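For what it's worth, this note's numbering labels the leading residue of the sequence shown as 2, then goes sequentially. Below: the structure, in structure tokens.
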Amino acid sequence: MPLTSMALVNTKPRDKDYKLTDGKGLYLLVKTNSAKYWRWSYRFEGKQKTMAFGVYPEVTLKQARDKRDNARTLLANDIDPQQEAKNIRIKRTEEEQESVLISKVLDDFFKHYSDGKDPKTITKAEGLIRNWIKPKIGTIGCREITAQKVLGLIQDIEKENKRATAHKVAALLNQFFAYCIAEPSVPIDRNWLNDIKTLIKTAPESHHPALITPQEVGRLLCDMHSSKSYWLTVIAMRLSLHWFIRPGELRTLKWENVNWDLNCIQIDKANMKKTSMSQDHWVPLSDQAKKMLTFIKDNNRPSAYVFPSIRCLAKPMSENTVNTAIRKMGYVGKQTAHGLRATARTLLDEELSQNPEYIEHQLAHKVKDVNGRAYNRTTKLDERRVMLQMWSDYLDDLEFKTQNNIEIKSKYENSLKG
């Protein structure tokens, strides 16, 4: 006997699951927890099968009967209704995936990529995606991406003489495609970078020119002394050499990070290079460095920054300020602000015979103990204090001898002469 709407409404659960038959294979399965499911039983190629038509009352009696009748029509044409429904779902999924644009997946990837990264790295990646990747391939469907289109993106950047940027974009895309392959919902199962990596031009060598002889550094110090740059910029150049910390760490240094009692500056790990730091970095102050800091404190306008911008005291000095001053002194292609780190490293090793471990600590490079564990950044502080005082005294000596035309003897050069 066919079911009625009233009978369905009055259906109650029992101790066991039971069926209410409507006819032609359609029935309502009533569960002990009161849930009600439409089912349809049929035979195809000699096998008994059951097909689900949904949940009552979301699927009404009439809708369930319509589903049954449509399925019976397919069955009459030797088509398995269950397999046909599966084929339709697969096709719909493929169509939905084809409509997913690269830009949408890039947004999802960026959220995944940003997790745990430092703000500077996140900002750079965001810029690469916004300025280069999305404009070129963002409107392409995931299933339409090809090696040729990825190569076209890279080559367009190379044509603008931005080979370094091209390599950064390629590296980011490599991570993007790896993310896509690992993400089941993304219809990309191939890393297209692997097909074109041999066609990408070699990235320019990352090189920071640096003077590495005592005579050259003596002349550099004298040129700093007579520099026409703003006095605060000159001190920034000098302290860059005395401390040999990274340019970004110097220009963003705040007075709150200057510990006058301990004669140290403390560089927050948030401002350090991500790959080198897991803790704050402590830098001892030589007498000369402390004197320069005191001069700045007494003569500059109030600011949270030790080296504020001339135009806006609430902002740090521009990242190009020290490099511009060095170039104006005639050191284009010979010396950069970052290269002062290599200058100090070389002379401390070759001329002052300092312990390489102390030098690496001062450079804020990862230094491990005999067990492979990273040293605490306050380790070797006393040893580095002695080393930095010796270094500042040595720089004063080089400048004095150069100013007075006194011969500067190189320990390293003499050793080569035997």
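In this text, a Cβ means the ideal position worked out from N, Cα and C, and glycines have one as well. Only a predicted model underlies this, so the values are computations on that prediction, with no experimental measurement involved.
Span of the beta strand (DSSP E), counted from its first residue to its last, around Leu30: The count along the sequence shown starts at 1 and reaches residue 30 at position 29. From DSSP, the beta strand (DSSP E) with Leu30 extends over 27–31.
Coil, strand or helix - Asn78 by DSSP: The residue labelled residue 78 in the question sits at position 77 within the sequence shown. Coil at Asn78, not helix or strand.
The alpha helix (DSSP H) enclosing Ser393, as first and last residue numbers: In the sequence shown, residue 393 corresponds to position 392, counting from 1. First-last of the alpha helix (DSSP H) with Ser393: 382–404.
Sequence-distant residues of its chain with Cβ nearer than 6 Å to Leu389 (five each side left out): Residue mapping note: residue 389 aligns to position 388 of the sequence shown, counting from 1. Same-chain partners within the cutoff: Pro285, Ser287.
Three-state secondary structure (DSSP) of Gln49: Taking the first residue of the sequence shown as 1, we reach residue 49 at position 48. If DSSP states are grouped into helix, strand and coil, Gln49 belongs with the strands.
CB contact flag (Arg346, Ile360, <8 Å): Reading the sequence shown from its first residue, position 345 is the one you call residue 346. Reading the sequence shown from its first residue, position 359 is the one you call residue 360. Yes; because the gap between Cβ atoms is below 8 Å, this pair is in contact.
Given Thr140 as reference, the closest of Tyr114, Trp256, Leu107 once Cα atoms are compared: Looking up residue 140 in the sequence shown gives position 139. Taking only the C-alpha atoms, the option nearest Thr140 is Leu107.
Cutoff 7 Å; reference Tyr180; Cβ partners in own chain excluding five residues on either side: Indexing the sequence shown from 1 puts residue 180 at position 179. Closer than 7 Å at Cβ, skipping near neighbours: Phe110, His113.
Pairwise C-alpha distance: Met225 and Gln404: Against the sequence shown, residue 404 aligns to sequence position 403. Against the sequence shown, residue 225 aligns to sequence position 224. Whole-angstrom Cα-Cα distance: 12 Å.
Length at least 4, wholly inside the stretch 184–217: the alpha helix (DSSP H) runs in chain order: 194–197
Cβ separation of Trp392 and His243, assumed to be a contact under 8 Å, to the nearest whole Å: Position 391 of the sequence shown, counted from the start, is the residue given in the question as residue 392. Position 242 of the sequence shown, counted from the start, is the residue given in the question as residue 243. Between His243 and Trp392 the Cβ distance is about 7 Å, and since that is below 8 Å, they are a contact.
Option in Ala167, Ser186, Thr295 with minimal Cα separation from Lys198: Locating residue 198 in the sequence shown gives position 197, where the first residue counts as 1. Among Ala167, Ser186, Thr295, the Cα nearest to that of Lys198 belongs to Ala167.
Bounding residues of the beta strand (DSSP E) (the contiguous stretch that carries Asp23): Locating residue 23 in the sequence shown gives position 22, where the first residue counts as 1. 19–24 is the extent of the beta strand (DSSP E) around Asp23.
DSSP-derived helix/strand/coil call for Phe308: For the purposes of this step, residue 308 is taken as the residue at position 307 of the sequence shown. Note: Phe308 maps to coil in three-state DSSP.
Same chain only: Cβ atoms within 8 Å of Cys143, ignoring 5 sequence neighbours per side: For this step, residue 143 is matched to residue 142 along the sequence shown. Within the same chain, Cys143 has close Cβ partners Gln98, Glu99, Val101, Leu102, Ile103, Val106, Cys181, Val187, Pro188, Ile189.
Top-ranked residue by Cα proximity to Arg252, from Gln289, Asn324, His209: Counted from its first residue, the sequence shown places residue 252 at position 251. Among Gln289, Asn324, His209, the Cα nearest to that of Arg252 is on Asn324.
Neighbourhood of Tyr306 by C-beta distance below 6 Å, restricted to the same chain and skipping five residues each side: Against the sequence shown, residue 306 aligns to sequence position 305. Around Tyr306: Lys255, Pro317.
Span of the alpha helix (DSSP H) around Ile155: Counted from its first residue, the sequence shown places residue 155 at position 154. Ile155 -> alpha helix (DSSP H) spans 148–160.
Every unbroken beta strand (DSSP E) within the stretch 224–302, with a cutoff of 3 residues, ordered by chain: 265–268, 282–285
8 Å Cβ cutoff met for Thr33 and Asp18: Taking the first residue of the sequence shown as 1, we reach residue 33 at position 32. Taking the first residue of the sequence shown as 1, we reach residue 18 at position 17. In this structure, Asp18 lies closer than 8 Å to Thr33 by Cβ.
One or two residues paired with Val56 in a DSSP bridge: Taking the sequence shown and counting its residues from 1, one reaches residue 56 at position 55. DSSP output for Val56 lists Tyr38 as bridge partner(s).
Leu221 vs Gln336 beta-carbon contact at 8 Å: Against the sequence shown, residue 221 aligns to sequence position 220. Against the sequence shown, residue 336 aligns to sequence position 335. Yes, these two residues count as a Cβ contact at 8 Å.
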